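Since the structure comes first, as structure tokens, the remarks are kept for the end.
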Amino acid sequence: MLVHQGEGSDTPTEPHHTPSPEATSSHHTTSSIPLPSIPTAPIPTVTQTDTTPIIQYFRRARIAHLQMQHLELLAKFQAHEVEINRLKERVKYLEDKERVIGDKSGDDAPIKGRRSNEGEAAAEKVSTDSE
1 MLVHQGEGSD TPTEPHHTPS PEATSSHHTT SSIPLPSIPT APIPTVTQTD
51 TTPIIQYFRR ARIAHLQMQH LELLAKFQAH EVEINRLKER VKYLEDKERV
101 IGDKSGDDAP IKGRRSNEGE AAAEKVSTDS E
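Residue 1 is where the sequence shown starts when you use UniProt numbering, and the numbers rise one by one after that.
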């Protein structure tokens, strides 16, 4: 029997046989037989107690490398602390210097003929006059 594949197809093909589920289930009847149980023993874990010289060498090298990194980080940390303390002292010095300059500007005012707060009062008077 020839079956056409579709409209416009001139090549006929043979139909394929698809097995039914009943046919496949008859072949698997042997798997329902229980298998005899076989006692099993646990597999022992293998632990290597002796480390090879190459492993010891790499461990020691790694430890030495990490110790060097630690020392370098400590040195950098201490250098940063010194820099921070130096900057704090510089800020304190500049603040003190600014405070002294601020105090001197009040002392210099009589030389200029008026006090520094008189200038602010004059500016305030000008702003109220313009309103």
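Think of the CB as a built atom: it goes at the ideal place given N, C-alpha and C, for glycine as much as any other residue. Just so it is clear, the structure is predicted and the values come from calculations on it, not from any experiment.
Checklist entry - In three-state DSSP terms, what is residue 41? => result Residue 41: coil per DSSP, three-state reduction.
Next on the checklist: Quick check: residue 51 and residue 60, are their CB atoms within less than 9 Å of each other?
Outcome noted: If you check the CB distance, residue 51 and residue 60 do not come in under 9 Å.
Checklist entry - If we ignore side chains and look at the alpha-carbon of each, how far apart do residue 64 and residue 85 end up? => result When rounded, the distance between both Cα atoms is 32 Å.
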